[in-house]
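Under our numbering, read the sequence shown as residues 76 to 333, first letter to last.
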Amino acid sequence: MNSVIQSDGVAGLWRGTIPTIFRNVPGSAVYFWSLNEIRQALMIVRWVPSGNEKAGLTSYHGNSDLKFKGLSPDSINLIAGASARTFAGFVLMPISVIKTRFESNHYQYSSIFAASSAIWKKEGVYGLFRGFSATALRDSPYAGLYLLFYERSRAFFGPWAHPQSPYHALTTAISGGVSGVLASVLTNPFDVVKTRMQVNPEKYPGFWKTVGKVLKDEGFAGFAGGLGPRLARKVIAAAITWTIYEEVMLLFAPKNQS
């Protein structure tokens with residue numbers, strides 16, 4: 076933080092705000108839409124006809140002769156969270172690369188447009204998706220673990236987390252924050268690899284080469300780099316995002332559902 080303030084002033088702490096908005100707003104929309112769609116699909120394929128367990132995937136609607144043979148709620152949350160985040164990450168990857176480069180002191184881009192043009196001219200389409208493998212390996216387990224921890228945390232609060240409870244928003248925020256901490260700590264090594272690949276592709280040209288170089292130069296401690304700032308950002312963002320999401324879902328839910 077001191078380095079940023081010394082080189083760019085206080086305004087440097089907000090460097091990259093515009094690309095962050097362009098990434099996070101549509102990114103959240105894509106993520107939550109795909110999350111709901113994947114969850115619904117996985118809920119449907121959790122049931123098979125009784126006595127015909129090899130019948131394959133089938134809908135349970137309107138059929139009372141069905142037997143549970145499918146995924147557990149935890150498995151559904153892991154798969155849905157990971158899949159939705161990977162899809163959203165791929166769609167928004169070019170904006171993520173531009174944002175990371177624009178914020179980095181390694182480059183001296185005068186504007187977002189200049190950053191975009193330079194990446195396109197020097198690296199082509201591949202440059203706009205650089206680091207996607209590391210991003211997917213970070214975001215997929217993060218999102219899956221986060222959703223698992225989040226739903227488990229809400230279940231822990233029991234009736235306090237019920238939509239009709241006056242503590243609903245509070246328990247949602249706490250669950251979001253706690254889940255953000257746990258998922259961030261477990262997936263931080265992937266974040267280190269992803270950031271280095273995007274910021275300095277000449278030095279860190281590939282996923283496994285980056286992993287090897289970090290281990291060689293810094294040891295396992297290198298994979299904990301940036302954990303503090305990431306926790307501060309992720310915990311607050313997760314608590315706010317999921318509280319707003321749950322409240323909006325309640326607002327637009329049918330009146331007979333609670």
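Cβ coordinates follow ideal geometry from the N, Cα and C atoms, glycine included. Only a predicted model underlies this, so the values are computations on that prediction, with no experimental measurement involved.
| Asked | Found |
| --- | --- |
| Quick one, are the C-beta atoms of residue 98 and residue 196 less than 8 Å apart? | no |
| Buried or exposed: residue 249, going by 16 or more other Cβ atoms within 10 Å of its Cβ? | buried |
| Answer yes or no: does any C-beta atom of chain B fall closer than 8 Å to that of residue 275? | In the structure shown, chain B cannot be found, because there is only a single protein chain. |
| Please classify residue 266: is it buried, with 16 or more other beta-carbons within 10 angstroms of its beta-carbon, or exposed? | buried |
| Find the nearest neighbour of residue 251 within the set 239, 283, 307, judged by alpha-carbon distance. | 307 |
| CB-CB under 7 Å to residue 325, same chain, minus the five flanking residues each way: which ones, in chain order? | 238 |
| From the DSSP output, in three-state form, read off residue 184 for me. | coil |
| For residue 215, report the span of its alpha helix (DSSP H) as first-last. | 207-232 |
| Return helix, strand or coil for residue 328, following the three-state DSSP convention. | coil |
| Assign residue 237 to one of three DSSP states: helix, strand, or coil. | coil |
| Could you give the first and the last residue of the continuous alpha helix (DSSP H) run that contains residue 245? | 243-274 |
| Could you pull the start and end residues of the alpha helix (DSSP H) that residue 158 belongs to? | 148-166 |
| Quick one: grab the DSSP three-state call for residue 278. | coil |
| Roughly how far, in whole angstroms, is the beta-carbon of residue 153 from the beta-carbon of residue 219, given that I think they are within contact range, below 8 Å? | 4 Å |
| Determine the direct distance from the alpha carbon of residue 254 to that of residue 275, and round the result to whole angstroms. | 30 Å |
| By a C-beta neighbour count over all protein chains shown, 10 Å radius and 16 as the cutoff for buried, is residue 277 buried or exposed? | exposed |
| Which of the three DSSP states, helix, strand or coil, is assigned to residue 303? | helix |
| Please report the Cβ distance between residue 207 and residue 165, rounded to the nearest whole angstrom; I am assuming they are in contact, meaning their Cβ atoms lie under 8 Å. | 7 Å |
| Applying the criterion that 16 or more other CB atoms from any shown protein chain within 10 Å of the CB defines a buried residue, is residue 264 buried or exposed? | buried |
| Which term fits residue 313, buried or exposed, when burial requires 16 or more other beta carbons within 10 angstroms of its beta carbon? | buried |
| Take residue 230 and list the residues in its own chain whose beta-carbon comes closer than 8 Å to its own, dropping the five residues that flank it on each side. | 236 |
| Distance, Cα to Cα, residue 228 vs residue 157? | 18 Å |
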